[in-house]
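**Q**
There are 2 protein chains.
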Amino acid sequence: MKISTKGRYALRVMLDIAQNSNGEFISLRDISQRQEVSMKYLEMIIGILNRGNFVQSQRGKDGGYRLAKSPADYTVLSILTLTEGDLAPISCLEDLAPECPRATDCLTLPFWQGLNKTLKNYMGSVTLEDILNKKTIEV
Amino acid sequence: MKISTKGRYALRVMLDIAQNSNGEFISLRDISQRQEVSMKYLEMIIGILNRGNFVQSQRGKDGGYRLAKSPADYTVLSILTLTEGDLAPISCLEDLAPECPRATDCLTLPFWQGLNKTLKNYMGSVTLEDILNKKTIEV
DNA sequence: TATTTTCATATTGGTAATATAGGAATTGTG
DNA sequence: CACAATTCCTATATTACCAATATGAAAATA
Numbered sequence: 001m002k003i004s005t006k007g008r009y010a011l012r013v014m015l016d017i018a019q020n021s022n023g024e025f026i027s028l029r030d031i032s033q034r035q036e037v038s039m040k041y042l043e044m045i046i047g048i049l050n051r052g053n054f055v056q057s058q059r060g061k062d063g064g065y066r067l068a069k070s071p072a073d074y075t076v077l078s079i080l081t082l083t084e085g086d087l088a089p090i091s092c093l094e095d096l097a098p099e100c101p102r103a104t105d106c107l108t109l110p111f112w113q114g115l116n117k118t119l120k121n122y123m124g125s126v127t128l129e130d131i132l133n134k135k136t137i138e139v
Numbered sequence: 140m141k142i143s144t145k146g147r148y149a150l151r152v153m154l155d156i157a158q159n160s161n162g163e164f165i166s167l168r169d170i171s172q173r174q175e176v177s178m179k180y181l182e183m184i185i186g187i188l189n190r191g192n193f194v195q196s197q198r199g200k201d202g203g204y205r206l207a208k209s210p211a212d213y214t215v216l217s218i219l220t221l222t223e224g225d226l227a228p229i230s231c232l233e234d235l236a237p238e239c240p241r242a243t244d245c246l247t248l249p250f251w252q253g254l255n256k257t258l259k260n261y262m263g264s265v266t267l268e269d270i271l272n273k274k275t276i277e278v
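Line by line, the protein sequences give chains A and B.
Here the working numbering is used: the first residue of the first sequence is 1, the next is one more, and so on.
Here the working numbering is used: the first residue of the second sequence is 140, the next is one more, and so on.
Put into structure tokens, the structure is as follows:
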């Protein structure tokens with residue numbers, strides 16, 4: 001029941017760009033130094049963010065990355081879903097899962113559905129902007 | 140971000156015993172047949188429940204397992220914590236984790252703490268009895 | 001003693017996560 | 001143009017964990 005390193009780093013990368021750019025491109029080198037994560041590993045992660053159009057990139061000298069939208073437009077849910085895949089806590093709740101033959105009699109299904117909803121409600125309610133502003137999260 | 144098979148089966152085993160016993164011992168063989176999970180695998184899982192005193196066991200003929208307490212006294216959180224270990228969504232939130240050197244400056248920490256609390260609130264609020272009674276879970 | 005059952009540990013096979021390596025393509029600058 | 005800085009792409013090594021089985025001992029009862 002863990003969020004992977006990939007997802008955690010992706011969130012940090014998005015926040016780093018949000019914090020350190022005003023529209024200019026930020027190089028991975030800078031991000032890597034600030035976040036103390038190897039460039040090579042970050043390349044893989046930001047590649048996902050880039051192909052998902054969460055960031056825009058500029059190659060060559062003075063190139064780098066910037067956010068595609070404003071920080072308020074990214075929920076943590078969207079970032080983690082892109083990098084980790086479906087966050088459903090059990091696989092039979094994933095969007096593309098085949099129907100479980102036990103589903104109609106499954107005593108535990110409602111519990112898992114509730115957990116799934118709880119998770120996604122929470123993660124979907126927090127944006128990058130909230131985190132940058134240290135907006136208090138009421139639970 | 141998945142609950143493991145071990146944890147899911149442990150929950151089903153606890154529910155199976157709750158549903159099929161009135162204080163007598165229920166054999167793993169019966170549980171295995173109802174749940175369609177191999178006895179060998181269940182042995183490992185119920186061993187954890189037994190060593191954690193969630194169930195009581197009786198060896199030999201007509202032996203088996205029964206709950207140590209009433210279904211209302213087991214939250215899903217307690218069962219999953221026993222079988223899966225700490226359910227914190229990132230390892231630096233685990234009870235025994237060493238303090239992270241980045242903690243004071245970590246922008247994301249409050250978000251993860253909120254997620255952790257949300258998860259545990261939910262799982263701690265549902266008992267075996269609730270599940271057996273198909274009590275509606277409001278989210 | 002024979003049968004049924006729990007109990008304990010080791011081992012296997014598979015799959016995913018983490019991280020790095022090496023080099024190709026692109027772009028701005030002197 | 002040559003060069004340096006940078007993104008981009010694919011492959012691969014390593015480790016760790018998960019799921020499941022294997023093997024056999026120990027206990028209880030009739």
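Ideal placement from N, C-alpha and C gives every residue a C-beta, glycine not left out.
With H, G and I counted as helix, E and B as strand and the rest as coil, what does DSSP make of Ile137(A)?
**A** Indexing the first sequence from 1 puts residue 137(A) at position 137. Coil, per DSSP.
**Q** In the stretch 54-128 of chain A, which residue ranges form an unbroken beta strand (DSSP E) of at least 3 residues, counting only runs that do not cross its ends?
**A** As far as the stretch 54-128 of chain A is concerned, its whole beta strand (DSSP E) runs of at least 3 residues are 55-58 and 64-67.
**Q** If we ignore side chains and look at the alpha-carbon of each, how far apart do Met14(A) and Lys141(B) end up?
**A** Here residue 14(A) corresponds to residue number 14 of the first sequence, with the count starting at 1. Here residue 141(B) corresponds to residue number 2 of the second sequence, with the count starting at 1. Distance between the alpha carbons of Met14(A) and Lys141(B): 24 Å.
**Q** If you reduce the DSSP assignment to three classes, tell me which class Ile45(A) lands in.
**A** Here residue 45(A) refers to the residue found at position 45 of the first sequence. Here Ile45(A) sits in helix by DSSP.
**Q** For Ser171(B), would you say it is in contact with chain A, using Cβ-to-Cβ distances shorter than 9 Å as the test?
**A** Residue numbering aside, residue 171(B) sits at position 32 when the second sequence is read from its first letter. Not one chain A Cβ lies under 9 Å of Ser171(B).
**Q** Of all Cβ atoms in chain A, is any one closer than 9 Å to the Cβ of Tyr204(B)?
**A** Locating residue 204(B) in the second sequence gives position 65, counting from the first residue. Cβ-Cβ to chain A under 9 Å: no for Tyr204(B).
**Q** Using the beta-carbon count (16 or more within 10 Å), is Ala97(A) buried or exposed?
**A** On the first sequence, residue 97(A) is found 97 positions in, with the first residue counted as 1. Answer is exposed; the Cβ neighbour count stays below 16.
**Q** Who are the near neighbours of Gln35(A) in its chain, counting only those whose CB is closer than 8 Å to its CB and skipping five residues on each side?
**A** Counting from one through the first sequence, the residue named residue 35(A) turns up at place 35. Around Gln35(A): Tyr9, Arg12, Val13, Asp16 and Leu42.
**Q** What does a CB cutoff of less than 7 Å around Met178(B) pick up in its chain, not counting 5 residues either side in sequence?
**A** Sequence index remark: in the second sequence, residue 178(B) carries index 39 (1-based). These residues qualify, in order along the chain: Leu167, Arg168 and Ser171.
**Q** Which residues in chain B have a C-beta closer than 8 Å to the C-beta of Met14(A)? List them in chain order.
**A** Position 14 of the first sequence, counted from the start, is the residue given in the question as residue 14(A). Going along chain B, no residue has its Cβ under 8 Å from Met14(A), so there is no contact; the nearest lies around 10 Å.
**Q** How many Å lie between Pro240(B) and Asn272(B) at the Cα?
**A** Counted from its first residue, the second sequence places residue 240(B) at position 101. Counted from its first residue, the second sequence places residue 272(B) at position 133. Pro240(B) and Asn272(B): Cα-Cα distance of roughly 46 Å.
**Q** Determine the direct distance from the alpha carbon of Asp62(A) to that of Lys259(B), and round the result to whole angstroms.
**A** Indexing the second sequence from 1 puts residue 259(B) at position 120. Indexing the first sequence from 1 puts residue 62(A) at position 62. Going from the Cα of Lys259(B) to the Cα of Asp62(A) covers about 46 Å.
**Q** Tell me whether the beta-carbon of Leu205(A) lies closer than 9 Å to the beta-carbon of Ile79(A).
**A** Only positions 1 to 139 of chain A appear in the structure, and residue 205(A) is not among them; the question remains open.
**Q** With a threshold of 9 Å between beta-carbons, can Ile137(A) be considered close to chain B, or not?
**A** By 1-based counting over the first sequence, the position of residue 137(A) is 137. Closer than 9 Å: yes.
**Q** Output, in chain order, the set of chain B residues within a Cβ distance shorter than 8 Å of Pro89(A).
**A** In the first sequence, counting from the first residue as 1, residue 89(A) sits at position 89. Near Pro89(A) (Cβ distances below 8 Å), the residues of chain B are Met140, Lys141 and Ile142.
**Q** Tell me whether Ile187(B), by its Cβ, gets closer than 8 Å to a heavy atom of the ligand ZN.
**A** Because no ligand of any kind appears in the structure shown, any question about the ligand ZN cannot be addressed here.
**Q** Lys69(A) to Ala242(B), Cα distance in whole Å?
**A** Counting from 1 along the first sequence, the entry for residue 69(A) is found at position 69. Counting from 1 along the second sequence, the entry for residue 242(B) is found at position 103. Approximately 28 Å between the Cα atoms of the pair.
**Q** Let's see if you can read the secondary structure: which residues bound the alpha helix (DSSP H) around Asn20(A)?
**A** Numbered from 1 along the first sequence, position 20 holds the residue referred to as residue 20(A). Element bounds for Asn20(A): Thr5 to Asn20.
**Q** Any beta carbon of chain B sitting closer than 9 Å to that of Val76(A)?
**A** By one-based count along the first sequence, residue 76(A) stands at place 76. For Val76(A), the answer is yes, since a Cβ of chain B falls inside 9 Å of its Cβ.
**Q** Write down the C-beta distance between Val265(B) and Thr214(B) rounded to the nearest angstrom, noting that I regard them as a contact closer than 8 Å.
**A** On the second sequence, position 126 is the one that residue 265(B) refers to. On the second sequence, position 75 is the one that residue 214(B) refers to. Indeed, because the Cβ distance is near 6 Å, the residues count as touching under 8 Å.
**Q** Any C-beta of chain B sitting closer than 9 Å to the C-beta of Phe54(A)?
**A** As a working mapping, residue 54(A) is identified with position 54 in the first sequence. So, not an interface residue.
**Q** Distance, Cα to Cα, Leu66(A) vs Gln19(A)?
**A** Counting from 1 along the first sequence, the entry for residue 66(A) is found at position 66. Counting from 1 along the first sequence, the entry for residue 19(A) is found at position 19. According to the sequence displayed, residue 66(A) carries Arg and not Leu. Cα-Cα distance, rounded: 11 Å.
**Q** Quick one: give me the first and last residue of the alpha helix (DSSP H) that Ser171(B) is part of.
**A** One-based indexing of the second sequence puts residue 171(B) at position 32. Where Ser171(B) is concerned, the enclosing alpha helix (DSSP H) stretches over Leu167 to Gln174.
**Q** With a threshold of 16 other CB atoms inside 10 Å of the CB of Ala211(B), please say whether the residue is buried or exposed.
**A** Taking the second sequence and counting its residues from 1, the one referred to as residue 211(B) is at position 72. Looking at its Cβ environment, which holds fewer than 16 other Cβ atoms inside 10 Å, Ala211(B) is exposed.
**Q** Check the C-beta distance from Thr247(B) over to Gly146(B) and give it rounded, since I have them as a contact under 8 Å.
**A** Residue numbering aside, residue 247(B) sits at position 108 when the second sequence is read from its first letter. Residue numbering aside, residue 146(B) sits at position 7 when the second sequence is read from its first letter. Actually they do not touch by this definition, with Cβ atoms about 26 Å apart.
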